[in-house]
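What follows is one structure encoded as structure tokens, with my remarks underneath.
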Amino acid sequence: MENFLIDVAKSLKLPGFGENAFLEGGVLNRAEDYYLKMAANVAYDSKNYLAKKGNGFVHLGPVPDADPAEMQTVKNYVAKFGKSLRPYEWKKVAYVFARGGRYEDYDVGYLPWGKPKWVTHLWNPKAPVNIYNEDVATTHNAISGERFNGTTVLLPHRNMKGELLDRLYPKSEYPFRASTHRQPIHSKSRTIADPWLLELLPDAFWELNEVDAMKLGLTDGDTIRVISPTYEKGITHRVRIMPSVRPGVITAATAFGRWLYGSGEWYIDGKKYVGDPARNQGVHPNALFLLDKSIAAKDGWTTVLTDPVGGSMVYFYAPVKIEKV
């Protein structure tokens, strides 16, 4: 994605891209040029990293230069992306890369005075816990007219008009709830492009509790079809029995099953390009998540079910039924 955006900017001849992209010089032709400069920002940061001194803290300056052995950690990067940084910047970046990042000493984590266990780096020192949000409390749902709560409240799953989903899609028809999760080795989507991570786990599965599996007559590796009210075609893939999944829930890791994340086939100017099919292994449940029929246009077009306050897609609730294939 970054390379695409940079290429578009260069085609449009926008400033800040290509050769001499910065006032002080430096290139921005590809994603590595951008991210290596971010690593240099971390290495040179003199504002956000602290060291303990007496009963207080002092700001750390830039990291030291890497020694010859540490420079070997960036040897291949320098060979491929040498123009991304200046020679003296590579020495700082190598110091950071050799340690897997930049870190403060452990004793900086908590304030050396005052109450015990007060952390040094608060997310928001002026309001670490927002009990009441006036902006939310003085706003209402533009579809239903219902006023939002300014405090934390637990509400049943509803569409944008406030209709209860459990009544629209009863458990007698859709007894399971589809959800998603992330694995420790993956982010939401981008890490599926990492071949080293695919070596650890080249495929992913539908995951189901063993109690539900017994009721459905399923064992590890069986193929199932998961169907939702707004995606009756369903998604078919193998299932893995996992006691860590809550009974009544079926889940899938969000990193897998990316059908257009560099894994398909497409044509540009008549030339065929073929992606990497390894990026499309596993299953991705997005298509199963509910469309909100309560706000559908006359032609049936609508959007996915969303949180009316935050606006995010509802990833953790979709009424579904399961069929063994």
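For the sequence shown, the numbering used here gives the first residue as 4, with consecutive numbering after it. Positions of the beta carbon are idealized from the N, C-alpha and C atoms, including for glycine.
(request) Along the alpha helix (DSSP H) that carries residue 78, what are the first and last residues, could you check? (result) Taking the sequence shown and counting its residues from 1, one reaches residue 78 at position 75. Residues 78 to 84.
(message) Taking 8 Å as the threshold (C-beta atoms), are residue 99 and residue 42 in contact?
(response) Position 39 of the sequence shown, counted from the first residue, corresponds to residue 42. Position 96 of the sequence shown, counted from the first residue, corresponds to residue 99. Pairing residue 42 with residue 99 gives a Cβ-Cβ distance under 8 Å.
(request) Report the option in 46, 64, 132 and 125 whose CA atom is closest to the CA atom of residue 91. (result) Taking the first residue of the sequence shown as 1, we reach residue 91 at position 88. The option with the nearest alpha carbon to residue 91 is 46.
(message) On the DSSP bridge list, what partners appear for residue 167?
(response) Translated into the one-based positions of the sequence shown, residue 167 becomes position 164. 161.
(message) Applying the 10 Å Cβ sphere with the 16-neighbour rule, what's the burial state of residue 302?
(response) Counting from one through the sequence shown, the residue named residue 302 turns up at place 299. Residue 302 comes out exposed.
(request) Would you identify the three-state DSSP class for residue 218, choosing helix, strand or coil? (result) Within the sequence shown, the letter at position 215 stands for residue 218. Here residue 218 sits in helix by DSSP.
(request) Take residue 37 and list the residues in its own chain whose beta-carbon comes closer than 8 Å to its own, dropping the five residues that flank it on each side. (result) If you number the sequence shown from 1, residue 37 lands on position 34. Cβ within range, chain order: 5, 9 and 31.
(message) Bridge partners for residue 231 per DSSP, in chain order?
(response) For the purposes of this step, residue 231 is taken as residue 228 along the sequence shown, with counting starting at 1. Answer by DSSP bridge pairing, in chain order: 234.
(request) Kindly indicate the opening and closing residues of the beta strand (DSSP E) around residue 55. (result) On the sequence shown, position 52 is the one that residue 55 refers to. It spans 53 to 56 - the beta strand (DSSP E) in which residue 55 sits, taken as one unbroken run.
(message) For residue 253, report the span of its beta strand (DSSP E) as first-last.
(response) Here the question's residue 253 lines up with position 250 in the sequence shown. Residues 252 to 256.
(message) Assess contact between the region 279 to 298 and the region 194 to 207, defined as three or more Cβ pairs (one per stretch) separated by less than 8 Å. Is contact present?
(response) Under the 8 Å Cβ criterion, the region 279 to 298 counts as touching the region 194 to 207, having at least three qualifying pairs.
(request) Measure the C-alpha to C-alpha separation of residue 14 and residue 296 and round it to an integer number of angstroms. (result) Position 11 of the sequence shown holds residue 14. Position 293 of the sequence shown holds residue 296. Taking the straight line joining both Cα atoms gives about 41 Å.
(request) Take every Cβ of the region 213 to 222, pair it with every Cβ of the region 180 to 193, and state whether three or more of those distances are shorter than 8 Å. (result) Put simply, the region 213 to 222 does not touch the region 180 to 193. Fewer than three CB pairs are less than 8 Å apart.
(message) Just to confirm before moving on: does the CB-CB distance between residue 230 and residue 242 stay below 8 Å?
(response) To locate residue 230, count along the sequence shown from 1; it is residue 227. To locate residue 242, count along the sequence shown from 1; it is residue 239. It is not a contact, given that the beta carbons lie outside the stated cut-off.
(request) Look up residue 312 in the DSSP assignment and say whether it is helix, strand or coil. (result) The residue given as residue 312 occupies position 309 in the sequence shown. In the three-state DSSP reduction, residue 312 falls in the coil class, being neither helix nor strand.
(message) Beta-carbon within less than 6 Å of residue 140's beta-carbon, same chain only, minus the 5 sequence neighbours each way: which residues are those?
(response) The residue given as residue 140 occupies position 137 in the sequence shown. Setting aside the 5 residues that flank it on each side, residue 140 is surrounded in the same chain by 153, each with a C-beta closer than 6 Å to its C-beta; the list follows chain order.
(message) Using only the alpha-carbon positions, how far apart do residue 76 and residue 101 sit?
(response) To locate residue 76, count along the sequence shown from 1; it is residue 73. To locate residue 101, count along the sequence shown from 1; it is residue 98. Taking the straight line joining both Cα atoms gives about 6 Å.
(request) Please classify residue 325: is it buried, with 16 or more other beta-carbons within 10 angstroms of its beta-carbon, or exposed? (result) In the sequence shown, residue 325 corresponds to position 322, counting from 1. When all chains shown are included, residue 325 counts as buried.
(message) Can you look up residue 122 in the DSSP assignment and give me helix, strand or coil?
(response) The residue given as residue 122 occupies position 119 in the sequence shown. Three-state result, residue 122: strand.
(request) In angstroms with no decimal places, state the Cα-to-Cα distance between residue 63 and residue 134. (result) Numbered from 1 along the sequence shown, position 60 holds the residue referred to as residue 63. Numbered from 1 along the sequence shown, position 131 holds the residue referred to as residue 134. Pairing residue 63 with residue 134, the inter-Cα distance amounts to about 35 Å.
(request) Determine the closest residue to residue 266 out of 61, 299, 240 and 285, with distance taken between C-alpha atoms. (result) Locating residue 266 in the sequence shown gives position 263, counting from the first residue. When only C-alpha atoms are compared, the closest one is 285.
(message) Is the separation between the beta-carbon of residue 307 and that of residue 316 shorter than 8 Å?
(response) Within the sequence shown, residue 307 is the residue found at index 304, counting from 1. Within the sequence shown, residue 316 is the residue found at index 313, counting from 1. Judged by their CB atoms, residue 307 and residue 316 are nearer to each other than the 8 Å cut-off.
(request) Using the Cα positions of residue 205 and residue 114, report the straight-line distance between them to the nearest angstrom. (result) Residue numbering aside, residue 205 sits at position 202 when the sequence shown is read from its first letter. Residue numbering aside, residue 114 sits at position 111 when the sequence shown is read from its first letter. If I take the Cα positions, the gap works out to 44 Å.
(request) For the alpha helix (DSSP H) holding residue 98, just list the boundary residues, first then last. (result) Translated into the one-based positions of the sequence shown, residue 98 becomes position 95. Looking at the DSSP string, the run of the alpha helix (DSSP H) that includes residue 98 is 90 to 101.
(request) May I ask you to list the residues that DSSP assigns as paired with residue 276? (result) Residue mapping note: residue 276 aligns to position 273 of the sequence shown, counting from 1. For residue 276, which the question treats as bridged, DSSP gives the partners 269.
(message) What does DSSP give as the partner residue(s) for residue 107 in the beta ladder?
(response) Along the sequence shown, read from residue 1 onward, the residue named residue 107 stands at position 104. Per DSSP, none; premise fails for residue 107.
(request) Just the C-alpha distance for residue 168 and residue 323, rounded to the nearest angstrom, thanks. (result) The sequence position of residue 168 within the sequence shown is 165, counting from 1. The sequence position of residue 323 within the sequence shown is 320, counting from 1. Residue 168 and residue 323: Cα-Cα distance of roughly 12 Å.
(request) With DSSP as the reference, please indicate the residues paired to residue 179 in a beta bridge. (result) The residue labelled residue 179 in the question sits at position 176 within the sequence shown. According to DSSP, which records beta bridges pairwise, residue 179 is partnered with 323.
(request) Specify, as a first and last residue, the run of the alpha helix (DSSP H) that residue 200 falls within. (result) Within the sequence shown, the letter at position 197 stands for residue 200. From DSSP, the alpha helix (DSSP H) with residue 200 extends over 198 to 203.
(request) With DSSP collapsed to three states, give me the class of residue 241. (result) Residue numbering aside, residue 241 sits at position 238 when the sequence shown is read from its first letter. DSSP places residue 241 within a strand segment (E or B) once states are collapsed to three.
(message) Tell me whether residue 225, by its Cβ, gets closer than 7 Å to a heavy atom of the ligand PLP.
(response) Annotation note on the ligand PLP: not contained in the displayed structure, which lists no ligands.
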